[in-house]
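K.L.:
Which chain is which? The protein sequence lines are A and B, in order. With our numbering applied, the first sequence closes on residue 227, and no number is skipped along the way. With our numbering applied, the second sequence closes on residue 1227, and no number is skipped along the way.
There are 2 protein chains.
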Amino acid sequence: MDQHTLQKFDRGLKTLTDRLLFMAGLVESHLNDALAALQIQDGPTAERLAKSDRPVNLLEMECDELCVRLIAQYQPVASDLRFIVAAMKLVTDLERMGDLAVNIAERAVELSRSPKLDPPIDLRPMGALVQAMLKEALDAFIGRDAAAAEAVLVRDDVVDTAFRDLFATLIARMKKDPGNVERAVGLLFVAKHLERIADHATNIAEQVVYLTRGQDVRHKSSVESSD
Amino acid sequence: MDQHTLQKFDRGLKTLTDRLLFMAGLVESHLNDALAALQIQDGPTAERLAKSDRPVNLLEMECDELCVRLIAQYQPVASDLRFIVAAMKLVTDLERMGDLAVNIAERAVELSRSPKLDPPIDLRPMGALVQAMLKEALDAFIGRDAAAAEAVLVRDDVVDTAFRDLFATLIARMKKDPGNVERAVGLLFVAKHLERIADHATNIAEQVVYLTRGQDVRHKSSVESSD
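1. Given 8 Å as the limit, is there contact between the stretch 186–194 of chain A and the stretch 1193–1208 of chain B, that is, 3 or more CB pairs closer than that?
2. What residues from the stretch 1167–1182 of chain B come within 7 Å of chain A, judged by C-beta to C-beta, listed N to C?
3. Taking a Cβ distance cut-off of 8 Å, strictly less, list which residues of the stretch 59–93 of chain A are near chain B, in chain order.
4. Taking all protein chains shown into account, do 16 or more other C-beta atoms lie within 10 angstroms of the C-beta of residue 1207 of chain B, making it buried, or fewer, making it exposed?
5. For residue 216 of chain A, which residues in chain B fall below 7 Å Cβ to Cβ?
6. Work out the CA separation of residue 98 of chain A and residue 67 of chain A for me, nearest whole Å.
7. If you measure from the beta carbon of residue 1219 of chain B to each beta carbon in chain A, is any gap under 8 Å?
8. Please list the partners that residue 1154 of chain B has in chain A, where partner means a Cβ-to-Cβ separation under 8 Å.
9. Looking at chain A, is there any beta carbon in it that lies within less than 8 Å of the beta carbon of residue 1130 of chain B?
10. Quick check on DSSP: helix, strand or coil for residue 1012 of chain B?
11. For residue 1152 of chain B, which residues of its own chain have a beta-carbon under 7 Å away from its beta-carbon, when the five flanking residues on both sides are left out?
12. I'd like to know whether the C-beta of residue 1222 of chain B is nearer than 8 Å to at least one C-beta of chain A.
13. Would you report the Cα separation of residue 223 of chain A and residue 1131 of chain B, rounded to the nearest angstrom?
14. Taking buried to mean at least 16 other C-beta atoms within 10 Å of its own C-beta, is residue 14 of chain A buried or exposed?
15. Measuring alpha carbon to alpha carbon, tell me which of A:65, A:155, A:127 and A:73 ends up nearest residue 30 of chain A.
16. Taking the alpha carbon of residue 1118 of chain B as the point to measure from, which residue in B:1181, B:1053, B:1081 and B:1025 has its own alpha carbon closest?
17. Residue 1084 of chain B lies in the alpha helix (DSSP H); which residues open and close that run?
18. Residue 11 of chain A: which of A:69, A:160 and A:107 sits nearest, CA to CA?
19. Taking the Cβ atom as the reference point for each residue, do residue 109 of chain A and residue 47 of chain A lie within a distance shorter than 8 Å?
20. Check whether the Cβ atoms of residue 159 of chain A and residue 187 of chain A lie closer than 8 Å to each other.
21. According to a CB-to-CB cut-off of less than 8 Å, which residues of the stretch 1102–1120 of chain B neighbour chain A?
22. Find out if the Cβ-Cβ distance for the pair residue 1061 of chain B, residue 93 of chain A is shorter than 8 Å.
23. Quick check on this structure: which residue in B:1088, B:1008 and B:1213 has the alpha carbon closest to the alpha carbon of residue 1145 of chain B?
24. Using a C-beta cutoff of 8 Å, does residue 294 of chain A count as contacting chain B?
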């Protein structure tokens, strides 16, 4: 690429990064708001959030289109191409996380209609874990920080354990009192959605490692395990 | 591209397509086997399937790597580039479907350990719907058939309705008898996994439309809806 083309390409990459960060910020705030609405049983806010997937969906299409255009126009190779491919994967993960935040908001709408379980089940610790994972994965992506990304990968196990504990608690509460069933199932789905968001944060962290080290760490354990 | 390079590129595309089809066939057969094991409460088969994610994971990495190499070496544009981008998205969906088939097998292991609900809940109709959707989405991809892909998009609503019906039935069974809770929750998760597989089949169908018509139909309703 000549100097002029290079400058234009760099501007394109900058635009892409800005839009990715904007999209990520939106998903983060939807998740925060959905969890807050769930906690304080704020039905109207939850209803608004349950219908708020449009901006994230439009950003997904916009970012994908930007990626394809950058590849077609500038035919980047090596680390530039790798960044764009990672961006396309990131966009897919962000869009799914946005959907899952919407799913949590939908459950929050239902759960706002009846009193909380007594004693209440607190999803905040698991929610905080997942929010921290997402934030750290995004920070690692912005800073191209492989070490930070690897720290995110480890955290996923903590979230899985939190999910299993909540699962056992909720099953016990349903067995104890059939009147708990609907609410407990609602919370079970919220917990499952949180666990899935953590999986997507893991995917993002894996992309950061790929981006910075050129090493594909997805399914690392499955490659290492012999069967 | 000169004639020789073009031939090499075409061979690369052919290899990519073959590997995608191989990966898709594997995912289809894992799903079929997991549902069959669930139905006949075949614990040993379900256990084997629950540990069978490795080949699909390896194929995901291989196909992604192939895509990046084809872009870097041949710098394709227009419909060739679009095909490779669609392939990268397809691979992500196939890998997730493979994971969901594993999740179904994991539930089938648990559910094989206790007698079926009485009367039993039959997940076969929903399973058959989802399997048909997956098959049709893959056929549409192979044949680059936009009309067939659009038929898949419509089917997703039928699956959502089947899920909602099963959800209501399972909640009622849990409320009626707390002894049903674990098994009903297990089946609820299987139904949820099937619904997610249908979502991924929808994604594939959307990629086919993008590929054949150059038109991004993802989130079409969210673009059309005014809010």
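Note that the Cβ used here is the ideal one computed from N, Cα and C, for glycine as well. Note that the structure is a prediction, hence the values are computed from the model and not measured.
P.N.:
Reading it off the structure:
1. no
2. 1171, 1174, 1175, 1178, 1181 and 1182
3. 60, 61, 64, 65, 67, 68, 71, 72, 75, 77, 78, 81, 82, 85, 88, 89 and 92
4. buried
5. 1061
6. 20 Å
7. yes
8. Under the 8 Å cutoff, chain A gives no residues; its nearest Cβ is about 19 Å from residue 1154 of chain B.
9. no
10. helix
11. 1133, 1136, 1137, 1140, 1201, 1202 and 1205
12. Residue placement at residue 1222 of chain B cannot be trusted, given a pLDDT of 46 that sits under 50; the coordinates are not used to answer.
13. Annotation note: pLDDT 43 at residue 223 of chain A (below 50); position unreliable, no value reported.
14. exposed
15. A:127
16. B:1181
17. 1078–1111
18. A:69
19. yes
20. no
21. none
22. no
23. B:1213
24. A question about residue 294 of chain A goes unanswered here, because the residues of chain A that appear run from 1 up to 227.
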